[in-house]
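Trainee:
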Amino acid sequence: MTNEIWVGIISVTSCIVIAAFFSASETSLTTASRARLTEMERRGSKRANLVLRLTNAPERLIGSILLGSSLAMVSASSLATLSLTKIFGEYGAFIASAAMASLLLVFAEVMPKTYAIAYPEAVATAVAPLMRIITAILGPLVLAVEFIVKKTLMLFGVDVENVESILSAHDELRGAIDLHHKEGEIVKKDRDMLGGLLDLKDLEIHDVMVHRTKMIMIDAQDPMSQIVEDVLKSGKTRLPVWKDNQDNIIGILHAKMLFQALQQHEGDASKVKIDHIITDPWFVPDTRPLEDQLTAFLRRKSHFAIVVDEYGELQGLVTLEDIIEEIVGDIEDEFDAVSNGVRKQKDGSYMVDGTVPLRDLNRALDWDLPDREATTLAGMVIHEARMIPDAGQVFNFYGFRFEVLKKRKQQLTVIKVSRLDTTPAPPVQGVA
121 MTNEIWVGII SVTSCIVIAA FFSASETSLT TASRARLTEM ERRGSKRANL VLRLTNAPER
181 LIGSILLGSS LAMVSASSLA TLSLTKIFGE YGAFIASAAM ASLLLVFAEV MPKTYAIAYP
241 EAVATAVAPL MRIITAILGP LVLAVEFIVK KTLMLFGVDV ENVESILSAH DELRGAIDLH
301 HKEGEIVKKD RDMLGGLLDL KDLEIHDVMV HRTKMIMIDA QDPMSQIVED VLKSGKTRLP
361 VWKDNQDNII GILHAKMLFQ ALQQHEGDAS KVKIDHIITD PWFVPDTRPL EDQLTAFLRR
421 KSHFAIVVDE YGELQGLVTL EDIIEEIVGD IEDEFDAVSN GVRKQKDGSY MVDGTVPLRD
481 LNRALDWDLP DREATTLAGM VIHEARMIPD AGQVFNFYGF RFEVLKKRKQ QLTVIKVSRL
541 DTTPAPPVQG VA
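Quick note: the sequence shown uses our numbering, first residue 121, plus one each step.
#1: Rounded to whole angstroms, what's the CA-CA distance from His374 to Arg358? Just pull it up for me.
#2: Could you tell me if Gln588 is buried or exposed, where buried requires 16 or more neighbouring beta carbons within 10 angstroms of its beta carbon?
#3: Return yes when the Cβ of Ala236 is within less than 8 angstroms of the Cβ of Ser153, no when it is not.
#4: DSSP three-state call for Ala244: helix, strand or coil?
#5: Does DSSP put Arg539 in a helix, a strand or coil?
#6: Ordered along the chain, which non-local residues of its own chain (more than five positions away) have a Cβ less than 6 angstroms from that of Lys233?
#7: Excluding the 5 residues flanking Asp491 on each side, which residues of the same chain have their C-beta closer than 6 angstroms to its C-beta?
#8: Taking 7 angstroms as the limit between beta carbons, can you name the residues of its chain near Glu248, skipping five residues before and five after?
#9: Looking at the unbroken alpha helix (DSSP H) that takes in Gln435, where does it start and where does it end?
#10: Go ahead and pull the three-state DSSP assignment for Thr150.
#11: According to DSSP, is Ala425 helix, strand or coil?
#12: Give the single residue among Ile370, Asp406 and Met274 whose Cα lies nearest to the Cα of Ile325.
#13: Applying the criterion that 16 or more other CB atoms from any shown protein chain within 10 Å of the CB defines a buried residue, is Asp442 buried or exposed?
#14: Report yes if the C-beta distance between Gln435 and Met329 is below 8 angstroms; otherwise report no.
#15: Please classify Gln513 as buried or exposed, where buried requires at least 16 other C-beta atoms within 10 Å of its C-beta.
#16: Do Ser538 and Phe520 come within 8 angstroms of each other at the CB atom, strictly closer than that value?
#17: In whole angstroms, give me the CA-to-CA distance for Val262 and Leu275.
#18: In terms of residue numbering, what span does the alpha helix (DSSP H) encompassing Tyr235 cover?
#19: Need the endpoints of the alpha helix (DSSP H) that Leu323 sits in, please.
#20: With H, G and I counted as helix, E and B as strand and the rest as coil, what does DSSP make of Pro490?
See below:
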């Protein structure tokens, strides 16, 4: 009898260990970071490569794990019941059920999964070689189970063959970045930079361009002395040149070429011909994705382009710096004006210029104002109000209070923005 007891204990313990192995394998192989495993593979880890190959067939992997785990747990319970029934008689089954429920929960489920969650990549690479053998052995049986499961689900109108991920790779990366930021692992500056890089595929040129109303341009018919003075005052390296009307851009004036021409003529501006020192303008559509425009800038080795709409009308200009700023934030040099159009007030509100881009506002203040329908703050207020407000009108939406303070013609120039209290918001004001 003593030998039978020891055989029973060893058999039950072995089954619990096997069940624990499958539990740890399931957790580690499903939670291990594919990015980290890919990096480990790049550095020469054969086991990381094996884990990636196993997880490329998730149905077969999970099926093998669940089948092995179920067999181990059922065997452990059966052997325990058999052994304890011989010792305690009819009460043995009850004792075995209570004892095995506790042992399996602690040692075959919670403990191995907790360890696997703490060290997913280490556990995954450790169990991968044995799991490859197990999946190969149980493969035919798992395929049969998968066939039964899929056919059963199809009876209820569920087709698991053509399931696509709800989130794209970019969305998953953005979600991971936001999660790590909330957990304190990524500072706001780094989150904004990584997010800006991911956003390039969703942005178009009109989202970041310098609007035509803010463009500094040169009139080709001005005296050259006036042109030199305008270039010096602008603080810009490249300036569009127009003739007859401002929509007729005939070239791009580079300050370096202007000063080289002046040097050649010993500083006599009257001898310099504007037509001789300008380069041909590069026109791009305002709907072009930023990602494509960045690639085009690098391919052409150019930093400056004129933006037009579908009718060929001038809309603004875009530079390589504008696109880079979407990734790294504002790039200021000693010639940039120190004014971002946002001024915080003592009461916690903000005075914001209407032309401030919503993306810059969200990034600077960590807000989440929608920027799909409008590019600037004034544009969003007009879009949501369904009208062009007058100075003094107030609107409440998206958890903020917007008060139009100044207006020039039909342009909202200054808007006061403040967060609404958590108490129910008052009705929207500002009815025309």
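By construction, the Cβ of each residue, glycine as well, lies at the ideal position given by its N, Cα and C atoms.
Mentor: This is what the structure holds:
#1: 5 angstroms
#2: Since the first and last residues shown for the chain are 121 and 552, residue 588 lies out of range.
#3: no
#4: DSSP places Ala244 in helix when its eight states are reduced to three.
#5: strand
#6: Ser143 and Thr147
#7: Leu478 and Arg479
#8: Residue identity differs from the one stated: residue 248 is Ala in this sequence, not Glu. Only Arg167, Leu170, Val171 and Leu174 meet the Cβ criterion.
#9: Where Gln435 is concerned, there is no enclosing alpha helix (DSSP H), although the beta strand (DSSP E) it sits in stretches over Leu434 to Thr439.
#10: helix
#11: Residue state, collapsed to three classes: strand.
#12: Asp406
#13: So Asp442 ends up on the buried side.
#14: yes
#15: Result: buried.
#16: In this structure, Ser538 lies closer than 8 angstroms to Phe520 by Cβ.
#17: 20 angstroms
#18: Per DSSP, Tyr235 belongs to the alpha helix (DSSP H) from Met231 to Ala238.
#19: Looking at the DSSP string, Leu323 is not in any alpha helix (DSSP H), and its letter there is neither H nor E.
#20: coil
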